[in-house]
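Colleague: Sequences listed follow chains A and B, in order. For the first sequence, the residue numbers in this note's numbering are 227 to 661. For the second sequence, the residue numbers in this note's numbering are 524 to 1111. Think of the CB as a built atom: it goes at the ideal place given N, C-alpha and C, for glycine as much as any other residue. All figures in this text were calculated on a predicted structure; none of them were measured in a lab. One structure coming up, written as structure tokens, with questions to follow.
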Amino acid sequence: MTFLRITSWNTAPCLLAFCLSAFLSGRAWAQYAGVVPEGVIAVVGAQRNYVDQKKTWNDRGQRISLSNKAQLRFDGEHLLRGEGGAKLQSLAEELQRYDPSGQSQSLLKRLNLGTLDVGGQAKLQVQYFGLAIGLPKRTTFYIAAPLIDIEVKTQFHLRGSNNAGEIRDELGTLAYDELRSGLGQAALLTDRDIKASIEAAQYTGVDSWRYHNLGDLLTGVTFDIGESLPLTDTVRLSMQGEAFASVPTGHVDHPDVLSDVSVGSGAWGFGLAFTPTLSWSDWAFGLESNALFSLSGKQKIRLPELDETIISADRKTDATVRPGADWGTTAVMAYNHRWLQPQYRISWKRHERDSIQGRLTGNYNTLMDASEKQQFEQSLWIYFSTIELYREKLFPVPLRLKIAGNHLFKGFRSFENNFFEVQLISFLPTPWMTD
Amino acid sequence: MVLRLARWKKMSALAGVFTCALGCVNRKSSAVQAQQNQVSTPSPATRLPLEDNSWGMSGWLPTSERDALGKKIPDSSLTDLFHALSACDCMPQLQTALTQRINATRGALPQALTPAIRTEILSNSKLKLLEIIPRPLDNIVGGIFADETTVAEEIHSGLLSKIQKAEPEWKGTSDATKLHLDAFVPLPGCMTSTDARTVLMTEVWSRWGLVLSQGGPWSTLRTSVAEKGLLWQELLRLLAEGEYLFGLAGNGKGENWGGLTLPIDLQITSAGAFDPRTTFNQVRFLTGQLDLALPSNNSLALARNGGERWTWRNNPIPLAEQAFQWWIAARLLHRLRPAQRGELTKYFGTDGILPEDSYQLSLLVLPALDALLSERFIDESTRSIQNSLVGQQIAGVSSQSGRRADPLTLSLLLSALTAWGAELKDISDLQLSQETTKQLASAGPSFLRGAQLVVQTFLADYVRPRASEGSYGTSAPWTLLSPTDSRTELSLRVHAQVLAALIETERTFMPSPYLRSRIAQLAAGLAQRLEEPKQTTETNSLAESVWLQTALRAALSSGLTSPLQDALLQQAETLQNKIDAFERSVLP
């Protein structure tokens, strides 16, 4: 039973969404409760605390600090694309009029206001709640809702030399007073001015952004595939299947919010999972594999012309987004004691490239490239179960407590998927319970 | 970024008293009974209709319709050549020869209608008798009082006396009938055998430009008394024409004499006077071609009754024509303003040759300059400059969608704005009303802004690196490319004229290290192009050579460094030899 999916495929590589897109990327398969006996209702509640997101994995699989995740060069060419906001873009456009030849010594190419280091950090917590009902023929229906609490904080720092004053003096009286004044102001550019310029491009959430609401809902059925087969006297093979659907109830990247991140996919998804398990004595080895395919969804995005990070407001467009497929495989080694069941898990997850299309001409590839992600993780789960004790009437209620830790040891465009989780499942009998 | 070209204040409130621009012919001449001889007053040639030629100016004349001198000039447009000579002042012998031709040619407007002469005729005591003669009989009895020879001698005597105040040794011309004050003399080089009387404004400005370029009496190059005397006379003719063009003089009873200006919106197209002392509502301007019909050929009848009719040929208004006019007007102010008079100050004033406030004539173009640029030719929203105005655009009620100004038109406009900007930097020597002074002082930034737009347009649309390799020191060669075909260089003549305008602007009006470095690159491009073999298809016009020399001289004086300086110097010497050779071949 899969209860939690957190999805992010950043559709707008705007200033901080680009930085933080990896925070929540990939599929987080959080919970596996197995098949619930017929007539039993399982109620799940969990709290997952992620480590503070101060680092991220880039597209080359390197773990880098988020404090200077992006360096925005405030040179003429980047300003011309609007990365410094509308006013600086106008300044660059005006400067280009004086020498549109594009030579390396042109005024526009020489203009340099410095480099803006953009960084930030995020805090992420997830609570999820689920309900599972055991149906006949060892089938279980479940529904799960994640409640996401994420807070993103952004930092700006402008460094490097600024030659706007020199260019103003070089132009002399050839330049309009407005341009001279603009260059004079640009020579005194500060972090605060840049933030004001970004806000002038109709962005909100420049300094921080917080989201505390639902992620994508999950629902599906889990079932055993036939009876477990004895392979030897001590080894048995059992197989479990799952069909599930993802409901797009989570937040997706808003084109006007600079530092938000997607916690939902924005589209309906349908998936299958298959888990063969070999067990012998108290040990079990399983291989969980799953795949999710999504439908297309409509989404409003800001489309970059080239590779600009601050995208002007007039480049907002309705796009058809089809999230790429998700694949995941987890090898599980478990030990079953009466009330203690530890598991060691090692996982590979991959999110394929999204498809994004729209009428506006621009650089869709940048958006699509940023959506491709991969994670390699390991985790240790420890279950404390009273189910056997309950059956033996040694404990008043059937409960299962999970304490888990997850560690991402290699990622590509991935957030730091390291967390600590506590989960509690209680089982309630119904009149239809078989035994 | 808000880019707004500030409007120039209307000069209609020009409060300075504009007195008779011409100090009038010797009032002592006694027997001026003008009967102008029709035979002795050849009419100027009919100009071809306005042509939208390569640079927006008009007035080209086929070689077959030129006189002997004109046939020797390979240029298709004589106004173009005169413009080049006005800017260069580098062919003194040819300029003098052309001035002599002007001096000896009769104009479209008989001198009896020139305000100065007309005043003399009407105030002559002997002619008071005519007051009792019914005016319809003027044609019959006029000849009784004076024949044409007497009139010519009187005028000759009066003019001679006037000019001799400045040039006592000057004896005038040997032929008394050639000393006259007809207005609107056709450009030398043209045939004068047709009967049509017509005035093409570009030719008026061309002629004024030729006179003013030589510095008139100011010239230190021209030491010959004869040359100076000629120039004094042409200066007087120039001012007489200006007085007539704007209709500034009259009979003192409310009737204006002359006036060829048209209302700025051209809602009506009848020519009239424009005197800022009295005209507050309607700005008027001079443009195009006007044809003249005279009611009589009798000088006395003309002087007493006037009655001449002018008909404007309705044609587009080229910016080049207007810019040329504005440029000439600025040069006129430069020549006549008190600060520039020096030792010639004594020749101004009541007892001099020229009126003290004659410089105010040049200011009359400013109201139209303001209205045409800020409301019609320049579109602030698109920062575009129109090549010409037609239809609704003239009335200022249509969005501009015509052809954008070509480089030569832009260079003319730049020269005009630069000249005016330089002239109005300091106006403390001008005797103007407080309000006018205030308006002129505030016009400077507007001229600068207009010039900035022109230079920016050059840089944005035309100025590019040359495709060829090589450089002159640190200056890589740049050129002017066609905005529609980035592989096609504009002609050498365009390159030179634009370069000359940019240098003058940067030097006098718009200091800019960036523009200076671009100018050096354009100069390097020009030097490189001149070193390359000439394309056989290129025309070899005299105007092109003159403009090249103008640009080379300007570049050489702009502080360039070797080896570019050396290359330019060599080219300038070669070109001067070529120009000198041409002069020798043309002149007797």
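#1: Any idea what DSSP makes of residue 251 of chain A, helix, strand or coil?
#2: Given that residue 983 of chain B touches chain A, what residues does it touch there, using C-beta distances under 9 Å?
#3: Under the three-state reduction of DSSP, which class applies to residue 755 of chain B: helix, strand or coil?
#4: Where does residue 750 of chain B fall in DSSP's three states?
#5: For the structure I just gave you, are there three or more beta carbon pairs, one from the region 428-439 of chain A and one from the region 357-370 of chain A, closer than 8 Å?
#6: By Cβ distance below 6 Å, which residues in the same chain neighbour residue 997 of chain B in space, the five residues on each side in sequence not counted?
#7: Which residues mark the beginning and the end of the alpha helix (DSSP H) in which residue 603 of chain B is found?
#8: Which runs of the alpha helix (DSSP H) spanning at least 4 residues fall entirely within the region 796-876 of chain B, listed in chain order?
#9: Does the beta carbon of residue 987 of chain B come closer than 8 Å to any beta carbon on chain A?
#10: Under the three-state reduction of DSSP, which class applies to residue 516 of chain A: helix, strand or coil?
#11: If you count every other CB in all the chains shown that lies within 10 Å of the CB of residue 552 of chain A, and 16 or more means buried, which is it?
#12: Please list the residues of the region 796-823 of chain B that have a C-beta atom closer than 7 Å to any C-beta atom in chain A, keeping them in chain order.
#13: Cα separation between residue 525 of chain A and residue 546 of chain A?
#14: Assess contact between the region 809-820 of chain B and the region 722-730 of chain B, defined as three or more Cβ pairs (one per stretch) separated by less than 8 Å. Is contact present?
#15: Please name the residue in B/990, B/702, B/1011 and B/977 whose C-alpha comes closest to that of residue 629 of chain B.
#16: Residues of the region 1028-1039 of chain B with a CB closer than 7 Å to any CB of chain A: list them in chain order, please.
#17: Decide yes or no for the touch test of the region 1073-1091 of chain B against the region 1020-1031 of chain B: beta carbon pairs closer than 8 Å, at least 3 of them.
#18: Would you say residue 332 of chain A and residue 325 of chain A are within 8 Å of each other, going by their C-beta atoms?
#19: Can you check the region 1049-1087 of chain B for any beta strand (DSSP E) of at least 3 residues that lies completely inside it and give the ranges in chain order?
#20: Quick one: grab the DSSP three-state call for residue 543 of chain A.
#21: Which word fits residue 544 of chain B, buried or exposed, when buried means at least 16 other C-beta atoms lie within 10 angstroms of its C-beta?
#22: Taking all protein chains shown into account, do 16 or more other C-beta atoms lie within 10 angstroms of the C-beta of residue 339 of chain A, making it buried, or fewer, making it exposed?
#23: Does the region 941-958 of chain B come close enough to the region 293-307 of chain A that 3 or more CB-CB pairs lie under 8 Å?
#24: Assuming residue 1003 of chain B and residue 1050 of chain B make a contact with CB atoms under 8 Å, what is their CB distance in whole Å?
#25: Output needed for residue 292 of chain A: all residues of its chain with C-beta closer than 7 Å, excluding positions within five of it in sequence on either side, in chain order.
#26: Residue 771 of chain B touches chain A at which residues, Cβ-Cβ below 8 Å?
#27: Between the Cα of residue 448 of chain A and those of A/527, A/481, A/378 and A/516, spot the shortest distance and give me the residue it belongs to.
#28: Hey, is residue 410 of chain A's beta-carbon within less than 8 Å of any beta-carbon in chain B?
#29: Identify the continuous beta strand (DSSP E) that holds residue 450 of chain A and give its terminal residues.
#30: Give me the subset of the region 371-401 of chain A whose CB atoms are less than 9 Å from a CB atom of chain B, sorted by chain position.
#31: Compare the Cα-Cα distances from residue 856 of chain B to each of B/942, B/847, B/687 and B/838 and report the closest residue.
#32: Tell me which residues share the same chain as residue 944 of chain B and place their Cβ nearer than 7 Å to its Cβ, disregarding the 5 neighbours each side in the sequence.
#33: Between residue 657 of chain A and residue 267 of chain A, what straight-line distance do the alpha-carbon atoms span, to the nearest angstrom?
#34: Indicate the three-state DSSP secondary structure (helix, strand or coil) for residue 372 of chain A in the structure shown.
#35: Mind checking the region 869-899 of chain B against chain A and listing, in chain order, the residues whose C-beta falls within less than 7 Å of any C-beta there?
#36: Applying the 10 Å Cβ sphere with the 16-neighbour rule, what's the burial state of residue 872 of chain B?
Modeller: If we stick to the structure as given:
#1: Confidence in residue 251 of chain A is poor, its pLDDT being 30 and thus under 50, which makes the residue's placement too unreliable to answer from.
#2: 322, 323, 324, 325 and 326
#3: helix
#4: helix
#5: Judged by Cβ distances under 8 Å, the region 428-439 of chain A makes no contact with the region 357-370 of chain A, as fewer than three pairs qualify.
#6: none
#7: 601-611
#8: 822-828 and 842-859
#9: yes
#10: strand
#11: Classification for residue 552 of chain A: buried.
#12: none
#13: If I take the Cα positions, the gap works out to 6 Å.
#14: yes
#15: When each option's Cα is compared against that of residue 629 of chain B, the closest is B/702.
#16: 1033, 1034, 1035, 1036, 1037 and 1038
#17: yes
#18: In this structure, residue 325 of chain A lies closer than 8 Å to residue 332 of chain A by Cβ.
#19: Restricting attention to beta strand (DSSP E) runs no shorter than 3 residues, the region 1049-1087 of chain B encloses none.
#20: The answer is strand: DSSP assigns residue 543 of chain A an E or B state.
#21: Low local confidence applies: a pLDDT of 31 at residue 544 of chain B is under 50, so the model's placement there is unreliable, with the coordinate-based value given in what follows. Burial call: buried.
#22: buried
#23: no
#24: Not a contact, Cβ separation roughly 14 Å.
#25: 245, 279, 280, 281, 282, 345, 346 and 347
#26: Those do not exist, as residue 771 of chain B stays about 36 Å from chain A at its closest Cβ, beyond 8 Å.
#27: A/516
#28: no
#29: 443-450
#30: 393, 395, 396, 397, 398, 399, 400 and 401
#31: B/942
#32: 967, 970, 971, 974 and 1032
#33: 11 Å
#34: DSSP places residue 372 of chain A in strand when its eight states are reduced to three.
#35: none
#36: exposed
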